[in-house]
Every structure is written in C-alpha cells, then in structure tokens.
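Participant: Chains as they are written, first to last, in full-length UniProt numbering: chain A, 1 to 398; chain B, 1 to 398. For glycine and all other residues, C-beta sits at the position ideal for the given N, C-alpha and C.
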C-alpha cells in the first residue's frame, strides 16, 4: 500500500517507545504531560453534564456550528476577559477539539510543502510533527531563562522568511521558561514589522504558583500597533479543567479564522457539542476560580518539593531555572558528554521515568537535557523519584 | 496574509449560502442532513454520562489513547458483530472524532497532491472537499438505483489508477441508493484485483425501514479473497445515537490503521474521552436496539409520507427511486432544462427548503436533481412542505 508522501516527513516518536515502558509496577513517573486526575472536579463536571442535557438536550446532542457552540464561545470570551484580554468577542474565537486541533488547523490553513516555520528549541513535540506533516521545514530558535532569544529570532525571521513563528511564551513545554515582558513586546513588534504570523500557544498560563505571569501576547497586542493582525492565540481547558473534554480555542484575524473554520468543517465537522455544552455549563456555574486556586497550590508545592530534592540529592550534577508555573521542570545534566537518553534507560531500571530532551528540538538537539513533570506525583513520591534518579545517574557514571 | 496552496482547491460551499436562509420563520426544511433531535434518548444519555463520571472519572476526564478508549472500542466491536462482522476485534478499529475525521485521516494518510480518487456521482459533499484539501483530483462514477455502476467504476479504476475509491453503499447520501449484493461482491473483487483501497462509509446502514440491507462490504469481504486488506470501513454513532458526541470509527488493515493513528495524534490527540466513556456506557446499558427500532419506525413513516405526497402532488414532474432506509430522497425534475438551483430559490419564497443536487457531483453535475431529507419534519409538515414545493415548481414554470 502506498501512503501519502507527507508521512515521510515524520518518524515514529522515540517518546512513544519510552511510554510503553511506563507500565512497570511501582514506577515513579515524571514523564507525562498530564494534569493530575485526582484534582479533577468530578462533582462539578457531573452537575455540568446534567445541566447541559437538561437545559438544552437538543443542542448538546445534535450537530452544531463548526465555529463552536455559541454559549461556550461566550463563556470562553469571558474567561479571556478575566485574563486581561478585554477586546475579544465570542465571534472572534472558534472552539477546537483541544488546542492540538488549533495547531492542526493552523498547519492546514497556512503551510504549503517546503514552507518554513520557526519554533522554540526546545518546544512541544506534537507541534513539530503536526507542522512537518503539512510539509514544513521546522527551524529552531534558542530559548534561555527569559524565553525565546528575540535577537536570534529576528535574525532567523530575516533569513528564513517563515510562514509562522510558534511560541509557548508562558511556562513553556518542555522548557518551563516564561518570556519576559520586554521580549513579549519585541516579539509583537517583529510580527508587525516583518508581517509574520506569530502563534501564541497558552495552555499553561493559568497555572502560576505565586504571582501571575506577564500578560499574554494577545493581551499586549493592543499596545503594539499592527501586531494583532499577525497574532494567533491558542487556548485550552485541558490543563485547567479536563483534557478529556478536548476543548481548545483559536483566536485570530477574521480572514485566517474563516479559513480555519472551512478546514475544520472537513476535519471533524465540529467539536463535540456534548463536551462543549458541558464545559459551558461548568464555566457558567462559576467553579473555575476555585478549581484553579486549588491546582495552583498543589502544583506549586510539588514543584518546590522537586526543586528541593534535586538540589539536595543531585547538587551541581544538574542545572535548571526554577519554573514559576506550569507542569514542567527542564533539567540539564552538567557532566561532560552527559546523555539524557542513556540516563532515561537506566532510570527505568531504577524505577523512575522522565522524557529525554533531545526530541523536543527540531534542530541541534541538546542531548544533556531532560523534562521532568512535577504534576502527577505527590511530594513524597517526588522525593522518592529524585532519589531513584540519583541512583540512575550514579549507575550511568559507574 | 498568504495561505496554504491547498485552500485553492476548494470553494466556499453553495450549500452554506443556502443554509443562511433557513432561519426564515415557518419554513419547512428538507435541507438538513441531521437526525431528528426529538428522537434522541436524552434520559439514556444522562444515565450514561453519570455512569461514566461515577465509574471511571479519571479515564473520562483525562487524556486517553489516540486509538480510542478501550471499553468503547470493545463495545463498538460488539456493535459490528451484531451487524454481521464477526471477525473485527477491538484493536482492529480506532475511534475517530465523527466519521468526518475518519475521512480526514484517510486523506492525510493516503493522498498526495495530484493523486486521483474516485467517488460516487453524487456523493457526500464534505468528502469531496476533504479529499480536495489534500490535493486530490476527484473523479466521479455514476450511480443508479442499484448504487454505483461497477462496470464504469472498473473502467475508471483502470484509466485513472486512483489512490482510493470512496463509496456510501447503503442508503447513500444524497442518492438514497443501496448497492446491490451482486455489485458489492464485484466492488470487493475490483479492490483485490486492482489493489486499490475501497473506503466504505456506512453511517446509515442501521436506519432501514423494513428488511435489513445487504451485508456491508466489510461483512462480505471474508468471502472475497484478498479484498479485506484493501477495504477501509467508516462507522458512526451520529445518525443512530447522537451527532453531538462526535463518535465515529475506522476499520482498516494494520499498516494503514497505525498511520492513521499517527496522523490523529497530531490532529486532535484523541477523541473526547468524556464523550467516548459516555457512549461506551450507553452501549453497555443495552439501549441501542430499542433506540434503533424507534427511529427506524419514525423515519419509515416519514419517508412513506413524503413519497405519497410527491406522487400525489407532483406526479410525473419528478422521478425518484424509493429509498429503503436512511434519511434522504433523491429527486429528479423531469421537465426540459429543469434547474433545481432556480427551484431552490423559489422554494424558499414558498416556505420550503431543500438542497440542489449539483454540488454533490465532483464532475458533470446533474442540475435537475435535488436532495430531500424526510428525517426532521413530521408527516403533516412533510405534506405541507411538498405542497409548497409544488407551488414553487409552478412558479418557476410560470
């Protein structure tokens, strides 16, 4: 059977192979990109589902508009208002089947085979693969503790004239880094100056530990003339409410949005109205602030526990920038010729799992890096996992 | 803003423009492709949603496997067994976000720009557009009362060497036609002989009026050596339970299925586990046979009412083959130079809506055709609508 040529642009994920090993009993997993299921507001969701099926059963079970279920679009616009984006109306966002679909629609809408796109190095692996399936050449811009390096980004934009620039400015996956306010403004200026679409993926921005992060690129765009037209923003309920709903959203200029809707019509017709109506009821019931306050507190404590354990157990064998939110801690092994891939195999032997950093780079992988999620293990398990990691590191060096 | 070249292959749907007019008060709509929301088993769905969130809240709200939620895959395999496909195991089907996504994944997996595909003329409009977005040239094979004309189909396969052949063999949309048993076997022989993928889209097969239709291509493939490998089958709960769930499935050979899973991973990660767990609970509760018996009876009576009214009101001004199931009646205006597009505009004036047939043809549109759905209006409204249609036809001829 002869498959489409686009499949030649992606390889089977190394991470997938690793995930198959996670079934090992008793393993402490820092490998997932999941929120903790124990934190889900199950009772709130039950009430929301019943309300959806009681108040508008026809709408919740019938076909719906490709753009999204209107009451949910209104709730999501309200949710954005609460995050400092006061000027987005319900009809300026469309509901997507998770933010993964927003990325897919951006790829389908924007990328012709051979087009270039710029992403952070490291970035979300499924974005790299998603864009490659549409034939993109994926260029990597380096990230430091303040997020993407905007001077290098500008040079790459000038050199490659990319179709789009994809960023996770806040609590990046996997970097954990947050783009500084100054750099955010510079990114928006670059978007307007070079007329290049900047995609802001923001699934983690609500998961801050202490202070709120700088305003999103979307919120800041009103202050940078000409930037809003060149900005697309992807939101998601996956990390703050439930991934299982598969509710994301895309905000973009009307021309781009209408094309994304057309592509979505032929991708899945619309996102589950059952899930949309349930999410709308949940948001309407006003549960979100309390749910967010709860997860922020839990994740902050777990991140602290992980950082404390890493410092005391591993000392200067590793380096990292403390994340200020999100789910991830990005670690770099400091030893000469350190190989996180080799460590990952040894770690499984010792009963702890994580994801090596190399696959997160579309170019020039840094093989000394790895991603740890602090979201799903409690503090005692985190300490146990870090002790196992120490033993794995000793075994690799033995 | 410069969009991807693939967007040049599709035009904005003429049907979409028509649908905007449907808001007119008091209109009788035969235009939709929807099941009747009044027939949804709302209480059954409420119970299923509660069961899903009570028994496995973690699974229903968390990320899930791209292939689908295992208990649903097992229920769907059982559902297929009940339809004469005894040899499909749970791991031989993947859950898709409606069968529209199965089509999208087939396009993404199989079609390179410039590839040819063969579809029925007429066929489901969103299939034509979906495949064109992947760069396909869409060839049309004619349909008569017995479904696609297999002799012409063979000639077209030989001439065009298509990447795939897409058929709705049972109660076709929009044709209402059902492929005869003899032709089904011939299609399977062609698949094996020419090693061409045949895609069987089967959303309507359960909606028969009296007797069950011939077995699906999938059920028959066990009797045609070498055909199973070249057959993909798309199923859906949209027409038999609820479109709002967005639950479809794809059955294909392991090589194709694994690539479709890879593409799905970067399209929407997975189908809503919340919707999947709810559907699994609904199927497990055993409600489906009763729900199906109810809708079959209602749709059969409505189809009969529509056919009776057409015969008595319009006589030999129209011709049609009585459908034996499904949602649609495919009408042909017999008058010289008849134009269903002109009639559609006049019909809106008279307070009745339908979809002209021309857009359903990827080539050589028959402008005298139109599609009527009998699914959503009750029998009295159907009679009223047909009377209005008669007045519209008189007005066009006046």
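I want to verify the contact list: residues of chain B whose CB lies under 8 Å from the CB of residue 109/A, in sequence order.
Facilitator: As a position in the first chain, residue 109/A is number 109, starting the count at 1. Under the 8 Å cutoff, chain B gives 3, 4 and 7.
Participant: Classify residue 213/B as helix, strand or coil using the three-state DSSP reduction.
Facilitator: Position 213 of the second chain holds residue 213/B. Coil, per DSSP.
Participant: Could you give the distance in angstroms between the alpha-carbon of residue 199/B and the alpha-carbon of residue 232/B?
Facilitator: Counting from one through the second chain, the residue named residue 199/B turns up at place 199. Counting from one through the second chain, the residue named residue 232/B turns up at place 232. Roughly 5 Å between the two C-alpha positions.
Participant: For the region 67-115 of chain A, list the alpha helix (DSSP H) runs that are entirely contained and at least 4 residues long, ordered along the chain.
Facilitator: 70-81 and 98-110
Participant: I'd like to know if the region 324-334 of chain B and the region 169-178 of chain B are in contact, where contact means that at least 3 CB-CB pairs between them fall below 8 Å.
Facilitator: yes
Participant: Give the secondary structure of residue 229/A by DSSP, where H, G and I count as helix, E and B as strand, and everything else as coil.
Facilitator: Working through the first chain from its first residue, we reach residue 229/A at position 229. In the structure shown, residue 229/A sits in a helix (DSSP, three-state: H, G or I).
Participant: How should residue 389/B be labelled, buried or exposed, when 16 other C-beta atoms within 10 angstroms of its C-beta is the threshold for buried?
Facilitator: Reading the second chain from its first residue, position 389 is the one you call residue 389/B. Residue 389/B comes out buried.
Participant: Report the partner residues of residue 121/B according to the DSSP bridge assignment.
Facilitator: Translated into positions along the second chain, residue 121/B becomes position 121. Residue 121/B is bridged to 142/B.
Participant: Check the C-beta distance from residue 216/B over to residue 83/B and give it rounded, since I have them as a contact under 8 Å.
Facilitator: Along the second chain, one-based indexing puts residue 216/B at 216. Along the second chain, one-based indexing puts residue 83/B at 83. The Cβ separation is near 7 Å, so the contact holds.
Participant: Taking C-beta to C-beta, are residue 189/A and residue 224/A nearer than 7 Å?
Facilitator: Indexing the first chain from 1 puts residue 189/A at position 189. Indexing the first chain from 1 puts residue 224/A at position 224. Yes, the Cβ-Cβ distance between residue 189/A and residue 224/A is below 7 Å.
Participant: Which runs of the beta strand (DSSP E) spanning at least 3 residues fall entirely within the region 245-279 of chain B, listed in chain order?
Facilitator: 247-251
Participant: What is the C-beta distance between residue 96/A and residue 102/A, in whole angstroms, given that I count them as a contact (C-beta under 8 Å)?
Facilitator: In the first chain, the residue the question calls residue 96/A occupies position 96. In the first chain, the residue the question calls residue 102/A occupies position 102. Right, their Cβ atoms sit about 4 Å apart.
Participant: Establish whether the CB of residue 223/B and some CB of chain A are separated by less than 7 Å.
Facilitator: As a first step, residue 223/B is located in the second chain; it is residue number 223 there, counting from the start. No - not a single Cβ of chain A is within 7 Å of the one on residue 223/B.
Participant: In terms of residues, what are the limits of the alpha helix (DSSP H) holding residue 42/A?
Facilitator: Stepping through the first chain from its first residue, residue 42/A is reached at position 42. It spans 42-55 - the alpha helix (DSSP H) in which residue 42/A sits, taken as one unbroken run.
Participant: Quick check on the DSSP output: what are the complete alpha helix (DSSP H) runs of length 4 or more inside the region 286-349 of chain B, in order along the chain?
Facilitator: 288-314
Participant: Starting from residue 239/A, find everything on chain B with Cβ-Cβ shorter than 7 Å and list it in chain order.
Facilitator: Here residue 239/A is taken as the residue at index 239 of the first chain, counted from 1. Those within 7 Å of residue 239/A in chain B number zero; the least Cβ separation is about 10 Å.
Participant: Near residue 74/B, which residues of its chain fall below 7 Å by C-beta distance, leaving aside the five closest residues on each side in sequence?
Facilitator: Here residue 74/B refers to the residue found at position 74 when the second chain is read from its first residue. Once the five neighbours on either side are set aside, the close Cβ partners of residue 74/B are 90.
Participant: My output table needs one value for residue 243/A: the three-state DSSP class, helix, strand or coil.
Facilitator: Within the first chain, numbered from 1, the residue matching residue 243/A stands at position 243. It is helical.
Participant: Cβ of residue 224/A versus every heavy atom of the ligand NAP: is any distance shorter than 6 Å?
Facilitator: For the ligand NAP, the structure offers nothing, since it holds no ligand at all.
Participant: Who are the Cβ neighbours of residue 236/B in its own chain at under 6 Å, not counting the five residues just before and after it?
Facilitator: Within the second chain, numbered from 1, the residue matching residue 236/B stands at position 236. Closer than 6 Å at the Cβ level, and outside the excluded window around residue 236/B, lie 99, 203 and 248.
Participant: Taking the straight line between their C-alpha atoms, what separation do you get for residue 85/A and residue 78/A?
Facilitator: In the first chain, the residue the question calls residue 85/A occupies position 85. In the first chain, the residue the question calls residue 78/A occupies position 78. Rounded to whole angstroms, residue 85/A to residue 78/A spans 9 Å at the Cα level.
Participant: Chain A partners of residue 194/B, CB-CB under 9 Å?
Facilitator: Counting from one through the second chain, the residue named residue 194/B turns up at place 194. Going along chain A, no residue has its Cβ under 9 Å from residue 194/B, so there is no contact; the nearest lies around 13 Å.
Participant: Whole angstroms is fine: what's the gap from residue 272/A's alpha carbon to residue 52/A's?
Facilitator: In the first chain, the residue the question calls residue 272/A occupies position 272. In the first chain, the residue the question calls residue 52/A occupies position 52. Roughly 13 Å separates the two Cα atoms.
Participant: Counting only the same chain and skipping the five closest in sequence on each side, list residues whose C-beta sits under 8 Å from that of residue 183/B.
Facilitator: By one-based count along the second chain, residue 183/B stands at place 183. Cβ-Cβ distances below 8 Å link residue 183/B to 146, 147, 148 and 150 in the same chain, with the five nearest sequence neighbours on each side left out; the list follows chain order.
Participant: Closer than 7 Å, Cβ to any Cβ of chain B: which residues of the region 226-237 of chain A, in chain order?
Facilitator: none
Participant: Mind pulling the chain B residues with CB within less than 9 Å of residue 294/A?
Facilitator: Position 294 of the first chain, counted from the start, is the residue given in the question as residue 294/A. Correct list: empty, because the minimum Cβ distance to chain B is about 15 Å.
Participant: For residue 362/B, which of helix, strand or coil comes out of DSSP?
Facilitator: What you label residue 362/B is simply residue 362 of the second chain in a count that begins at 1. Residue 362/B: coil per DSSP, three-state reduction.
Participant: What whole-angstrom Cβ distance do residue 141/A and residue 121/A have, given they're in contact under 8 Å?
Facilitator: The residue given as residue 141/A occupies position 141 in the first chain. The residue given as residue 121/A occupies position 121 in the first chain. Indeed they touch by this definition, with Cβ atoms about 6 Å apart.
Participant: Where residue 356/A and residue 367/A are concerned, what is the direct C-alpha to C-alpha distance, given to the nearest angstrom?
Facilitator: Along the first chain, read from residue 1 onward, the residue named residue 356/A stands at position 356. Along the first chain, read from residue 1 onward, the residue named residue 367/A stands at position 367. Going by the C-alpha atoms only, they are around 8 Å apart.
Participant: Run down chain B in chain order and give the residues with a C-beta less than 7 Å from the C-beta of residue 243/A.
Facilitator: If you number the first chain from 1, residue 243/A lands on position 243. Per Cβ cutoff of 7 Å: 62 and 63.
Participant: Between which residues of its own chain and residue 67/B is the CB-CB distance below 6 Å, once the five residues before and five after are set aside?
Facilitator: Here residue 67/B refers to the residue found at position 67 when the second chain is read from its first residue. Hits under 6 Å: 94 and 261.
Participant: Would you mind reading off the limits of the alpha helix (DSSP H) that contains residue 187/B?
Facilitator: Here residue 187/B corresponds to residue number 187 of the second chain, with the count starting at 1. Start and end: 181-194.
Participant: Among 304/B, 191/B and 220/B, which residue has its Cα nearest to the Cα of residue 383/B?
Facilitator: For the purposes of this step, residue 383/B is identified with residue 383 of the second chain, where counting begins at 1. When each option's Cα is compared against that of residue 383/B, the closest is 304/B.
Participant: Would the beta-carbon of residue 60/A fall within 7 Å of that of residue 44/B?
Facilitator: Numbered from 1 along the first chain, position 60 holds the residue referred to as residue 60/A. Numbered from 1 along the second chain, position 44 holds the residue referred to as residue 44/B. No; because the gap between Cβ atoms is not below 7 Å, this pair is not in contact.
Participant: Can you pull out the residues from the region 266-288 of chain A whose beta carbon lies closer than 9 Å to at least one beta carbon of chain B?
Facilitator: 266, 267, 268, 269, 270, 271, 272, 273, 274, 275, 276, 277 and 278
Participant: Using alpha carbons as the reference points, say which of 134/B, 307/B, 311/B and 337/B lies closest to residue 324/B.
Facilitator: Taking the second chain and counting its residues from 1, the one referred to as residue 324/B is at position 324. Nearest option by C-alpha distance: 307/B.
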